[in-house]
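Engineer: To start, I am sharing the structure in question, which I have written as structure tokens.
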Amino acid sequence: MNKRLLQPIILIFLITLFLPGTGTALIRIDINSPGLTQFPVSVAPFKAMGSAPLEKSKASELSSLLEKDLDFTGYFKLINPTASLEDLNKMGIDKNGVQFKAWSIIGVEMLVTGGVLINGGELTLELRLFDVSDQSIILGKRYTGEVDTGLRMIHKFGNEILRYLTGFDGYFLSKIAFAGGDHRSKDIYVMDFNGENAKKATNYKSITITPRFAPSGKEIAFVSYKDGQPNLYAKNLITGKVSTLSARKGLNISPAWTASGTEIALTLSSEGDENIYLINTSGKIIRQLTKKWGINVSPSWAPDGEKMAFVSDRSGNGQVYIKYFGTGDVERLTLEGKRNLDPTWSPRGDRIAFSGSGKQGMEIFTIKPDGSDLRQLTFTGGLNLSPAWSPDGSMIVFSSDRGGEKAIYVMNANGANQRRLTFMDGAQESPNWSVNLE
Amino acid sequence: MRKLLMMFLAITILLSGSVMLTSCAKEQMKDDQALMADEKAKKEAEEKARMERERLAREKAIQEERLKSEQEKQLRAEFENKKIFFAFDSAVLSDESQDILREKADFLKQHDDKKVLIEGHCDDRGSVEYNLALGQRRAEAAMKYLTLLGIPSDRIRTISYGKERPINTANTEEAWAENRRDEFILE
Chain A
1 MNKRLLQPII LIFLITLFLP GTGTALIRID INSPGLTQFP VSVAPFKAMG
51 SAPLEKSKAS ELSSLLEKDL DFTGYFKLIN PTASLEDLNK MGIDKNGVQF
101 KAWSIIGVEM LVTGGVLING GELTLELRLF DVSDQSIILG KRYTGEVDTG
151 LRMIHKFGNE ILRYLTGFDG YFLSKIAFAG GDHRSKDIYV MDFNGENAKK
201 ATNYKSITIT PRFAPSGKEI AFVSYKDGQP NLYAKNLITG KVSTLSARKG
251 LNISPAWTAS GTEIALTLSS EGDENIYLIN TSGKIIRQLT KKWGINVSPS
301 WAPDGEKMAF VSDRSGNGQV YIKYFGTGDV ERLTLEGKRN LDPTWSPRGD
351 RIAFSGSGKQ GMEIFTIKPD GSDLRQLTFT GGLNLSPAWS PDGSMIVFSS
401 DRGGEKAIYV MNANGANQRR LTFMDGAQES PNWSVNLE
Chain B
1001 MRKLLMMFLA ITILLSGSVM LTSCAKEQMK DDQALMADEK AKKEAEEKAR
1051 MERERLAREK AIQEERLKSE QEKQLRAEFE NKKIFFAFDS AVLSDESQDI
1101 LREKADFLKQ HDDKKVLIEG HCDDRGSVEY NLALGQRRAE AAMKYLTLLG
1151 IPSDRIRTIS YGKERPINTA NTEEAWAENR RDEFILE
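Printed below as a string of structure tokens:
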């Protein structure tokens, strides 16, 4: 097969070398539990397997990157491998090369080893995850590709580790989009999941806001005033082509892609009141989804596509409602608080995050779709707005002005480990989280 | 002798005659010249007066024009600078807002070649999307009222900027109140 026919520039061959080991049952993390115990894990320094001069530095670079990914999740207590009683220089990378007792004695429960081989321009990375007390292998992978694709390999392995621990793929290959700028102009930016490598995706010298990734992650819908009024557009991130999804008179705002990626719910005001409609990607209205006077905005689909959360002011102030398409019923979800806005349905289907009035300002909350188990996650008294879930439903990204200007923050789904991701001039708002971009 | 005398007389008579004639002519010429001079002066004076009148009239016209365009500018400025404001989370027109809208309707009626763009704005304290929707409702509330006052809807456009274009970016009640507004732009 002609190598050029393979789409990605990177050639990564996944070869599962080892079957998952027997022994202790799979560890499951309950992401909603308020007190998460962290798993003590250690990443042994990766070994240079050949004689290429780059191998040692590449090995060191890649083991650090894996530590960084694992640390981001908040699930792990990373233990410095030099604290173990293992002789790191003599240590091997497979089961026979590890003195497990040297690790269990310092409390490490999971151990990662890695071997780096560079041959010509090709990198081969072998990675293993061990259960230390069981002295067994949990995961083993071998990746091959160009030398500068090492980071992608690390991300893929990290995703596998999270899949093992949580039952869901990790998000290390995902991106976050947001709107950045000031009152003169705003544009859409796209950055890595951890806040690095933010790049401008639009450049209109206008107000361009509220990005939403299509389910494929390859397109972004956004609202822009570039043609004189708030219209809805979609940009293909591969081709760069921008198409107009809706440019009707009045508002064309708050897009929400369906799971198929072929339809979008949005709010239009061209018929008088502000209601939510379903359009196809050619902009044609398929169906009107809400038929009520007043404001109906910010739709968010349940993963099964049979329910939609949205904001309506039909009871006087903005509150979150759920429309059930099976029965056609609309029920109010948020019963407490003056205003509850920006709902977003978890990809796991079991919780809805939203921004609601706190004692002062707006805070991030999550709630079950049946209205029970309301939890407040932020407590700054400022403006914490527009939450969005990671693709595995374990993290929430949002905007907060706790540092002065609005910036993008991330936290675990239970509110733990809140930290800032963007450090740019101006304001950064309305984040949205894509799937892994393989 | 007699012949000489007679010739002398004749010449004298002739001479004096011609002298008389030329002096008459001179007199006549003098009169004519004086007359012409008078006429000329008269004409010049008239011309001057006429030009003065015209100049004064032109100046008056310019002044009036200036005054009118000043007034016009003022009315226009008032139209565009006078905003209407809203309570938190509301698109309801206050009594004061309705008064201001009446003034704007009057202006539009007097200038039926003009159209208006109504911009709806919000303060910072809600979501980006909810505020885009609320701004639209604020703009449309003003539009509906103007149409009730007799302005045809094809002379009115609306646009919402949500919370994207605040006047005052401070985080205070005063600043937020300033931002919850409709603005009116003549087109």
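Protein sequences, first through last, are from chains A and B.
In this text, residue positions in the first sequence follow our numbering: the first is 1, and each later residue adds one.
In this text, residue positions in the second sequence follow our numbering: the first is 1001, and each later residue adds one.
No residue lacks a Cβ here, since even glycine has one placed at the ideal position from N, Cα and C.
(1) Can you list, in chain order, the residues of its chain with a C-beta nearer than 6 Å to that of I1084(B)? Leave out the 5 residues immediately preceding and following it.
(2) Tell me the residue span of the alpha helix (DSSP H) that contains W389(A).
(3) Quick one: grab the DSSP three-state call for E126(A).
(4) For a contact defined as C-beta to C-beta under 8 Å, what are the partners of E274(A) on chain B?
(5) Kindly say whether V1092(B), judged by its beta-carbon, lies nearer than 8 Å to any beta-carbon of chain A.
(6) For F178(A), does the count of other Cβ atoms within 10 angstroms reach 16, so buried, or fall short, so exposed?
(7) Buried or exposed: which applies to G358(A), given that a residue is buried once 16 or more other Cβ atoms fall within 10 Å of its Cβ?
(8) Quick check: L1093(B) and Y1145(B), are their CB atoms within less than 8 Å of each other?
(9) I believe S60(A) touches P81(A) by the beta-carbon criterion, under 8 Å. Please report the beta-carbon distance rounded to the nearest angstrom.
(10) Rounded to whole angstroms, what's the CA-CA distance from V410(A) to G381(A)? Just pull it up for me.
(11) Mind listing the chain B neighbours of S386(A)? Cutoff is C-beta to C-beta under 9 Å, in chain order.
(12) Helix, strand or coil for M110(A)? Go by DSSP, reduced to three states.
(13) Beta carbons nearer than 7 Å to chain B: which residues of the region 413-437 of chain A have them?
(14) I need the straight-line Cα distance from N159(A) to T144(A), nearest angstrom please.
(15) Taking only three categories from DSSP, how would you classify G121(A)?
(16) Where do the N-terminal and C-terminal ends of the beta strand (DSSP E) with Q135(A) fall, by residue?
(17) With a CB to CB cut of under 7 Å and the five nearest residues on each side skipped, what residues in its chain are close to A83(A)?
(18) Between which two residues does the beta strand (DSSP E) carrying P344(A) extend?
(19) S1069(B) by DSSP, collapsed to three states: which one?
(20) Compare the beta carbon distance of G426(A) and G180(A) with 8 Å and say whether it is the shorter of the two.
(21) Output, in chain order, the set of chain A residues within a Cβ distance shorter than 9 Å of E1059(B).
(22) Name the one or two DSSP bridge partners that W301(A) has.
(23) With H, G and I counted as helix, E and B as strand and the rest as coil, what does DSSP make of L1014(B)?
(24) Quick one: using the 10 Å Cβ neighbour count with 16 as the cut-off for buried, is N32(A) buried or exposed?
(25) Using only alpha-carbon positions, find the residue among I1167(B), E1173(B), T1172(B), W1176(B) that is nearest to D182(A).
(26) With 8 Å set as the bound, which would you pick, yes or no: does the beta-carbon of E1164(B) sit closer than that to a beta-carbon of chain A?
(27) DSSP on E1183(B), reduced to helix/strand/coil?
(28) In terms of residue numbering, what span does the beta strand (DSSP E) encompassing T1158(B) cover?
(29) For a contact defined as C-beta to C-beta under 9 Å, what are the partners of S1097(B) on chain A?
(30) Could you tell me if A201(A) is buried or exposed, where buried requires 16 or more neighbouring beta carbons within 10 angstroms of its beta carbon?
(31) What is the rounded straight-line gap between the Cα of K199(A) and the Cα of Y189(A)?
(32) Under a three-way DSSP split, which group does P81(A) fall into?
(33) The alpha helix (DSSP H) with Y189(A) in it runs from where to where?
(34) Using a Cβ-Cβ cut-off of less than 8 Å, give me the residues of the region 265-290 of chain A that come near chain B, in sequence order.
Structural biologist: So, from the listed chains and residues:
(1) S1097, I1100, D1182
(2) Per DSSP, W389(A) belongs to no alpha helix (DSSP H); it is in the beta strand (DSSP E), 384-389.
(3) strand
(4) A1133, Q1136, R1137
(5) no
(6) Buried is the call here.
(7) buried
(8) yes
(9) Their Cβ separation, rounded to whole angstroms, is 12 Å, which puts S60(A) and P81(A) out of contact at 8 Å.
(10) One C-alpha to the other measures close to 17 Å.
(11) S1127, V1128, E1129
(12) strand
(13) E429, S430
(14) 17 Å
(15) coil
(16) From DSSP, Q135(A) is part of no beta strand (DSSP E); its letter is neither H nor E.
(17) I106
(18) Looking at the sequence shown, residue 344(A) is not Pro but Thr. In the DSSP assignment, T344(A) falls within the beta strand (DSSP E) that extends over 340-345.
(19) helix
(20) yes
(21) Within 9 Å Cβ-Cβ: nothing; E1059(B) doesn't reach chain A, min ~44 Å.
(22) M308(A)
(23) helix
(24) buried
(25) Out of I1167(B), E1173(B), T1172(B), W1176(B), I1167(B) has the C-alpha closest to the C-alpha of D182(A).
(26) yes
(27) Three-state DSSP puts E1183(B) in a strand.
(28) 1156-1162
(29) The premise fails here: S1097(B) is roughly 19 Å from chain A at the closest Cβ pair, so nothing lies under 9 Å.
(30) It counts as buried.
(31) 5 Å
(32) helix
(33) Y189(A) -> not in any alpha helix (DSSP H); beta strand (DSSP E) instead, spanning 186-192.
(34) T267, S269, E274
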